[in-house]
Amino acid sequence: MITDFNMSNQYRAKIHELIPGGAHTYSKGDDQFPQLSPAAIAYGKGAHVWDIDGNKFLDCSMGLTSVSLGHAYEPVLERVREELAKGVNFQRPAYIEMEMAEAFLALIPCHQMIKFAKNGSTVTTAAIKLARAYTGRRMVAFPSDHPFYSYDDWFIGQTACSKGVPPENAVLSVTYKSDDLVSLTELFEKYPGQIAGVISEPEKNFGLSENYLQQAIDLAHKHGALYIVDEMITGFKTDFPGSIKKYNVQPDLATWGKGIANGFSFCALTGKREIMDLGGIKNEGQEKVFLTSTTHGGETHAIAAGLATIKEFQEKNVIKHNHRIGDYFLTRVNAEISASGLNDQVQMAACNWMPVFIFKDASGVPSMGLRTLFLQEMIARGVLFQGSFVPCFSHTTDDIDFFAEAFRASLERYKEGLAVGYEKLLTGSPVKPVFRKYI
Ligand SMILES: Cc1ncc(COP(=O)(O)O)c(C=O)c1O
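In UniProt numbering, the protein residues as written are 1 to 439.
Structure below.
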């Protein structure tokens, strides 16, 4: 059992004085983990990470799903080292930008142009801007029940954390219920001729109804809006390159990030030429759209990491491996849940590319307290678990057996928590939602 978090506790005590939020994404923050957990990671290798106290953990979320092959994965590092030696940023584009543009677009036959960036928010926001520029409309739509699309105003203004966003910006964003054509239709009818584009993840872990995606794209087009598929999470996970291939659809624009460069900072916006080219400089006389313009968007070694990642996915059929690991995970973990008799309290999405969990109390209501207790127990048993599992190329069936054993023991503790109250077994406070009005 892992009990030594001494260095982590010192880190926790100091970091919030230096970095607001103590991290660079809120989902890595202290309020997202139990108190008995690592506060910072020292290094990772393959499917494991070591914290600053020297504790070793099986990694489950793999850098917020960005590490699709494994930490410090040698074939990617080798390509990155080669590129580093040549310099990383120049006064003119680096040659590797064309190599990547061709390689990435070859994966997406329905798209002819690509723009790179370092963060997902940059490319989702760029897609919104293009939709507005192309249609001449102001409003954008996204599903209200999806967690995150950008830290920019158009998205954050619609969340509980809208402080700092002018309300007149926020009203330009409208929401509908995901995977629900009636809800999307009603939205278009409520704002006729006003919605520039719909942005949505193509699917979530709980599945998608057949033909939904094509119908949603058709609906948007019928109303004169663009449809943007955000493959930030699904890309290089549901299929290769992502769900647009799995469902054989041709959205106007797509956004990519996590997973496409094995954790390196490389993101992309892809799309149809007539839309993307609005950001170009060759059509003289046409009004210029200032699409994205980033000093680091063409950083060479991150692009090299992306090229090496694509090569690994192509040559080693990484998707097949990751889905096989996911399937084994579902079988092993479902068996543990059934054996425990906690089927109504601990529920798992049967999704082989990223199983996620819901933790409920005895009356079937989701419970942050019980969830945190479960995380605490998994972490004590060497599994850095935050409520989901992201299969990567470095995970083995032995890792899943290790996970399942920790899961079995944690279910027993969960039962005790249900019986005596989680407060008696949990050290510290329950985790809190990222999007909340008050700290
Ligand atoms: C679906 C989706 N879109 C966009 C983003 C933003 O990506 P980034 O954190 O790289 O800005 C995220 C990040 O969690 C995401 O999950």
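The C-beta atom is built at its ideal place from N, Cα and C for all residues, glycine as well.
Note that the structure is predicted; figures quoted are calculated from it, not measured.
Delimiting residues of the alpha helix (DSSP H) encompassing residue i
i: residue 330; result: 318-340
i: residue 398; result: 397-420
i: residue 354; result: It is not in any alpha helix (DSSP H) - residue 354 carries neither H nor E in the DSSP assignment.
i: residue 218; result: 212-222
i: residue 24; result: It is not in any alpha helix (DSSP H) - residue 24 carries neither H nor E in the DSSP assignment.
i: residue 153; result: 153-156
i: residue 101; result: 96-105
i: residue 75; result: 74-84
i: residue 186; result: 181-190
Under 7 angstroms between C-beta atoms of residue i and residue j
i: residue 394; j: residue 63; result: no
i: residue 175; j: residue 150; result: no
i: residue 201; j: residue 230; result: yes
i: residue 118; j: residue 265; result: yes
i: residue 354; j: residue 248; result: no
i: residue 197; j: residue 131; result: yes
i: residue 5; j: residue 53; result: yes
i: residue 406; j: residue 371; result: no
i: residue 88; j: residue 300; result: yes
i: residue 269; j: residue 115; result: yes
i: residue 44; j: residue 257; result: no
i: residue 80; j: residue 335; result: no
i: residue 8; j: residue 47; result: no
i: residue 431; j: residue 368; result: yes
i: residue 27; j: residue 434; result: yes
i: residue 228; j: residue 199; result: yes
i: residue 154; j: residue 128; result: yes
i: residue 234; j: residue 242; result: yes
i: residue 425; j: residue 342; result: no
i: residue 379; j: residue 66; result: no
i: residue 414; j: residue 374; result: yes
i: residue 252; j: residue 219; result: no
i: residue 289; j: residue 133; result: yes
i: residue 172; j: residue 138; result: yes
Run of the beta strand (DSSP E) containing residue i, from where it starts to where it stops
i: residue 139; result: 139-143
i: residue 57; result: 56-59
i: residue 67; result: Run containing residue 67: none; DSSP gives neither H nor E here.
i: residue 45; result: 41-45
i: residue 440; result: For residue 440 there is no data in the structure shown, the boundaries of the chain being 1 and 439.
i: residue 230; result: 226-230
i: residue 253; result: 253-256
Coil, strand or helix - residue i by DSSP
i: residue 240; result: coil
i: residue 113; result: strand
i: residue 146; result: coil
i: residue 174; result: strand
i: residue 1; result: coil
i: residue 196; result: strand
i: residue 303; result: helix
i: residue 134; result: helix
i: residue 270; result: strand
i: residue 48; result: strand
i: residue 297; result: coil
i: residue 235; result: strand
i: residue 373; result: helix
i: residue 434; result: coil
i: residue 425; result: coil
i: residue 384; result: strand
i: residue 366; result: strand
i: residue 203; result: coil
i: residue 167; result: helix
i: residue 31; result: helix
i: residue 9; result: helix
i: residue 278; result: helix
i: residue 127; result: helix
i: residue 120; result: helix
Rounded distance between the beta-carbons of residue j and residue i, thought under 8 angstroms
i: residue 310; j: residue 103; result: 6 angstroms
i: residue 262; j: residue 76; result: 5 angstroms
i: residue 376; j: residue 93; result: Contact doesn't hold; Cβ gap of about 49 angstroms is too wide.
i: residue 359; j: residue 345; result: 7 angstroms
i: residue 100; j: residue 306; result: 6 angstroms
i: residue 292; j: residue 135; result: In fact, because the Cβ distance is near 19 angstroms, the residues do not count as touching under 8 angstroms.
i: residue 318; j: residue 61; result: Contact flag wrong, Cβ pair sits at about 18 angstroms.
i: residue 313; j: residue 236; result: 6 angstroms
Any non-hydrogen atom of ligand 3 within 6 angstroms of residue i CB
i: residue 262; result: Although ligand 3 was asked about, the structure shown includes only ligand 1 as ligands.
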